[in-house]
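Last residue of the sequence shown: number 433 in this note's numbering, and the count goes up by one each step with no gaps. Backbone N, C-alpha and C define an ideal beta-carbon position, used for all residues, glycine too.
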Amino acid sequence: MDIVSVILISANFLFFFSKYSKATDTIVLSQSLVDSNNSILVSNNGMFEFGFFSPGTSSNRYIGIWYKIDPATVVWVANRLNPINDSSGILILDNTGNLTLVSKNKSVIWSSNLEKIVQNPVAQLLDSGNLVIRDDKDSYAERFLWQSFDYPSDTLLPGMKIGWDVETGLNRRLSAWKNLSDPSPGDFTWGIVLSGNPEGFLWKGSKKYYRSSPWNGIGNSGSPNLKENQLYEFSFISNEKEVYYTYNQKNRSFMQRIVLNQTSYLRERYTWNEETRTWRRWSFVPRDICDGYGLCGPYGNCISTESPVCQCLKGFVPASPENWNSADWSHGCVRNNPLKCHNGEGFVNFVGLKLPDTTSSWVNRSMNLKECRAKCLQNCSCIAYTTFDVRAKGSGCAIWFGDLNDMRTSKSGQDLYVRMSASDLGI
């Protein structure tokens with residue numbers, strides 16, 4: 007007997023949850039959620055529900071997780087790419103330990119796709135909004151067999167990670183819904199790039215749309231809104247095993263979420279206002295014209311209070327004066343005096359900058375700033391350097407090779423030491 011037949015027999019003849027049964031947060035082996043019976047799971051704290059729904063004006067059926075508020079706010083969708091066109095959907099925890107979604111024609115719509123068979127599996131909707139599969143005797147998070155937090159949709163909840171499990175190759179990225187009635191992935195995405203000094207990007211299709219700038223120990227040089235506050239704590243972890251951003255609530259009674267908005271192309275952070283029963287937008291990016299990726303081109307600095315907003319770094323001039331004067335800054339700037347890689351070259355310190363794109367950069371966490379300068383000066387391809395970690399007196403070394411892109415003046419900006427010819431050191 008095939009697995010689909012087992013699923014359907016189990017769903018029809020074994021225990022399932024109905025809208026009249028006591029709310030539970032757990033499914034055990036061979037139990038099911040049946041769309042036609044309005045079956046749901048409810049987290050123990052009552053904050054989240056998991057079940058079938060139709061988004062917006064669509065009649066298609068999906069299974070997902072939502073905040074238990076009115077109106078419900080969906081935070082995760084299992085079958086984003088494969089909706090069911092009626093209410094025949096059945097989700098079961100099958101005898102392989104997988105959560106499997108099937109429709110009336112016996113086709114498998116979605117599965118958790120565990121790589122190994124589990125003897126005593128349970129599926130549980132946690133208070134965090136994380137749907138997990140685990141052994142029924144083991145609730146330790148590090149040993150979850152599968153979790154929805156590893157496969158985000160358009161929303162980052164507190165405790166979720168955006169980024170990489172380097173050991174397994176798992177890349178956790180967010181992708182916006184196509185529209186309010188279609189949760190399939192749109193072209194607006196958020197993730198972490200590992201090359202160089204890891205940092206976060208928003209993409210519009212395959213094009214870089216916004217860049218957070220690299221983590222400096224306390225925040226990002228291009229993200230002044232990411233700072234100590236009363237609502238949440240945040241961190242960026244980068245080591246041999248994992249590279250990710252996460253945040254956690256300081257007050258667990260507040261509902262929060264970060265969501266990608268396909269309509270406005272914004273990444274928005276919301277908090278729930280219980281008094282007005284509405285979501286309040288706390289912050290968003292991109293926040294102004296200077297947040298647009300690479301607006302001023304190579305060696306251009308965006309200053310939102312200036313007109314025009316794009317200015318060449320001192321010692322540089324527009325690469326195409328005609329285009330520059332027509333507000334097309336994409337060609338950026340070139341040096342007044344080219345580098346020749348000989349004695350006399352040095353560095354000019356530019357203060358308060360969002361550090362440039364680190365894709366073509368190199369990091370050493372143990373060097374001090376003096377050693378970093380010497381390292382850069384020894385390499386003719388080194389264009390700039392700075393402190394890797396600004397905490398205390400600063401530590402570590404970050405150096406750039408190639409053009410410096412996507413800079414702006416920022417309240418949370420850092421010092422950047424840019425290599426200059428001898429004749430430009432007095433600027």
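Under the three-state reduction of DSSP, residue 29 is assigned to coil, being neither helix nor strand. Considering only 269, 109, 234, 401, the residue with the shortest C-alpha distance to residue 192 is 269. For residue 260, the secondary structure class from DSSP, reduced to helix, strand or coil, is coil. Here residue 327 is exposed, its C-beta having fewer than 16 other C-beta atoms within 10 Å.
Note that the stretch 173 to 187 does not touch the stretch 35 to 55; fewer than 3 beta-carbon pairs, one per stretch, sit closer than 8 Å. Within the stretch 264 to 294, the complete beta strand (DSSP E) segments at least 3 residues long are 272 to 279, 284 to 291, listed from N- to C-terminus. The beta carbon of residue 324 sits closer than 7 Å to those of 318, 330, 339, all from its chain and outside the five residues before and after it, given in chain order.
For residue 378, the enclosing alpha helix (DSSP H) begins and ends at 375 to 384. Under the three-pair Cβ rule at 8 Å, the stretch 345 to 364 counts as touching the stretch 419 to 431. Residue 353 has 425 as its beta-bridge partners, per DSSP. For residue 271 and residue 163, the gap between their C-alpha atoms comes out near 19 Å. With a minimum length of 3 residues, the unbroken runs of beta strand (DSSP E) contained wholly in the stretch 185 to 231 fall at 188 to 199, 205 to 210, 213 to 217. Here DSSP, grouped into helix, strand and coil, assigns residue 331 to helix.
Under the DSSP definition of a beta bridge, residue 117 partners with 106. Across the structure, residue 429 and residue 341 are spaced so that their CA atoms are roughly 11 Å apart. Of the candidates 277, 237, 62, 237 places its Cα closest to the Cα of residue 254. If you check the CB distance, residue 81 and residue 73 come in under 8 Å.
Rounded to whole angstroms, the gap between the alpha carbons of residue 110 and residue 68 is 14 Å.
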